[in-house]
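The numbering of the sequence shown is the numbering used here, which starts it at 592 and goes up by one. The beta-carbon is built from N, C-alpha and C at its ideal position, and this holds for glycine as well. Heads up, the thing below is written out as structure tokens.
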Amino acid sequence: MSRFDVDQAFKDLGNAIIRGDAGTVDATVRQCLETGVSASDIINDGMIPGMDVVGELFRTNQYYVPEVLISARAMKAGMAILRPILAESGVEPVGKVVIGTVRGDLHDIGKNLVAMMLEGAGFDVHDTGIDTHPDEYVQTATANGANIVGMSALLTTTMTNMRNTIEAVEAAGLADQVHCIIGGAPVTQRYADEIGADGYAADAASAVILAKRLLGVLGDTQDLEEAGRSFYLQARDALQVAVREEPGTASHADGLMEAEGLTEQARAAGYNPTHIDRLMAEIEREKAREA
Ligand code: B1M
Numbered sequence: 592m593s594r595f596d597v598d599q600a601f602k603d604l605g606n607a608i609i610r611g612d613a614g615t616v617d618a619t620v621r622q623c624l625e626t627g628v629s630a631s632d633i634i635n636d637g638m639i640p641g642m643d644v645v646g647e648l649f650r651t652n653q654y655y656v657p658e659v660l661i662s663a664r665a666m667k668a669g670m671a672i673l674r675p676i677l678a679e680s681g682v683e684p685v686g687k688v689v690i691g692t693v694r695g696d697l698h699d700i701g702k703n704l705v706a707m708m709l710e711g712a713g714f715d716v717h718d719t720g721i722d723t724h725p726d727e728y729v730q731t732a733t734a735n736g737a738n739i740v741g742m743s744a745l746l747t748t749t750m751t752n753m754r755n756t757i758e759a760v761e762a763a764g765l766a767d768q769v770h771c772i773i774g775g776a777p778v779t780q781r782y783a784d785e786i787g788a789d790g791y792a793a794d795a796a797s798a799v800i801l802a803k804r805l806l807g808v809l810g811d812t813q814d815l816e817e818a819g820r821s822f823y824l825q826a827r828d829a830l831q832v833a834v835r836e837e838p839g840t841a842s843h844a845d846g847l848m849e850a851e852g853l854t855e856q857a858r859a860a861g862y863n864p865t866h867i868d869r870l871m872a873e874i875e876r877e878k879a880r881e882a
């Protein structure tokens with residue numbers, strides 16, 4: 592296959608992931624392999640760029656949960672072919688993640704999205720499913736040499752099990768090698784600080800940035816600072832646009848949601864927490880005008 596055709600195949604692959612076309616992903620991945628393209632190039636240059644677009648469409652409310660899950664399924668179809676090849680060729684994953692919904696909690700849609708986005712970003716992901724006992728996180732992390740334990744909770748009654756899991760990770764002597772990250776609708780950065788989590792992410796795209804930042808694989812420090820600053824500036828712009836809209840209108844609400852999402856991305860990239868908190872407070876004040 593000529594270089595031009597490979598580029599075209601990567602574009603087709605990315606587009607198939609964006610529209611959730613698992614059949615085309617399957618066929619294109621096989622075709623690339625047959626013509627000698629490496630598994631890691633297929634993932635890094637074809638599939639991950641497609642999933643990045645999906646993450647962005649989701650973050651900006653152009654895609655909703657069903658579309659993301661369909662894209663995630665397409666991504667999985669490609670990964671199913673490539674995973675054994677990667678294992679054989681010894682390509683190192685970006686990091687190893689154990690992820691699950693905490694004990695007592697049966698919600699898994701958000702957790703599955705985070706798991707898929709992490710896998711799409713090159714992480715080796717071990718999913719413990721729902722209702723995960725703290726000991727199961729520890730056992731799975733130990734068995735797989737994980738460096739991230741990710742917990743998801745959707746209930747105020749179950750989020751307390753995040754603290755129990757962090758304590759179990761510490762009691763097992765894993766605190767030095769494992770970063771505990773948390774997320775889910777009732778969870779906040781403040782709660783993460785309170786229970787001693789290493790990080791909080793508001794959405795799946797931010798979870799990927801956070802995991803990469805904690806493992807130091809998001810490029811050099813300058814890149815990271817620039818990414819954080821760029822998200823922050825975009826968030827401020829989105830807020831400025833939103834405040835010009837009439838409270839109670841869809842454009843006002845959408846603008847605020849976008850500003851909030853971008854601020855969380857900036858937070859996940861490690862941008863100045865004082866600036867982040869101040870901007871978040873401004874967004875909250877503007878939200879109060881909705882009422
Ligand atoms: Co339940 N439920 N539910 N529910 N449910 C909520 C959460 C609730 C807010 C509804 C409400 O009352 N308005 C409420 C919780 C109230 C509270 O505690 N504050 C609630 C309740 C009360 C319950 C039951 C107790 C109801 C009952 O039986 N009386 C019961 C509990 C069962 C249990 O868990 N023990 C229950 C059951 C269920 C269903 C089984 C019917 C179903 C779950 C199906 C499933 O997950 N397979 C369900 C659903 C679907 C919901 C709502 C409607 C949607 C949740 C969802 O999937 N959101 C929810 C109301 C709502 O949120 N509108 C509700 C979409 C998903 C993409 O978002 O999960 O937030 P989310 O994930 C996001 C981020 O939070 C973040 O990234 C994701 C993608 O951007 N994120 C992470 C998530 N995990 C992360 C981890 C990270 C980082 C980021 O790092 C590791």
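Shown here, His717 sits in a strand according to DSSP, grouped into three states. Between the alpha carbons of Glu647 and Pro640 lies a distance of about 11 angstroms. In the displayed model, Met670 falls within a helix according to three-state DSSP.
Following the DSSP letters along the chain, one finds His866 inside the alpha helix (DSSP H) bounded by residues 864-879. The residue among Met753, Ala776, Glu851, Arg781 with its C-alpha nearest the C-alpha of His770 is Met753. Nearest C-alpha to Asp767 among Ala737, Asn755, Thr751, Gly775: Ala737. Contact between Gly819 and Tyr862 holds, with the beta-carbon distance rounding to 3 angstroms and staying under 8 angstroms. In the three-state reduction of the DSSP assignment, His770 falls in the strand class. Proximity of the region 623-643 to the region 775-792 falls short of the contact definition, fewer than three beta-carbon pairs being nearer than 8 angstroms. The beta carbons of Gly775 and Ile739 sit no closer together than 7 angstroms. For Gly614, the enclosing alpha helix (DSSP H) starts and ends at 613-625. In the displayed model, Gly775 falls within coil according to three-state DSSP, outside both helix and strand.
Nearest in C-alpha terms to Pro684, of all of Ser842, Gln730, Phe714, is Phe714.
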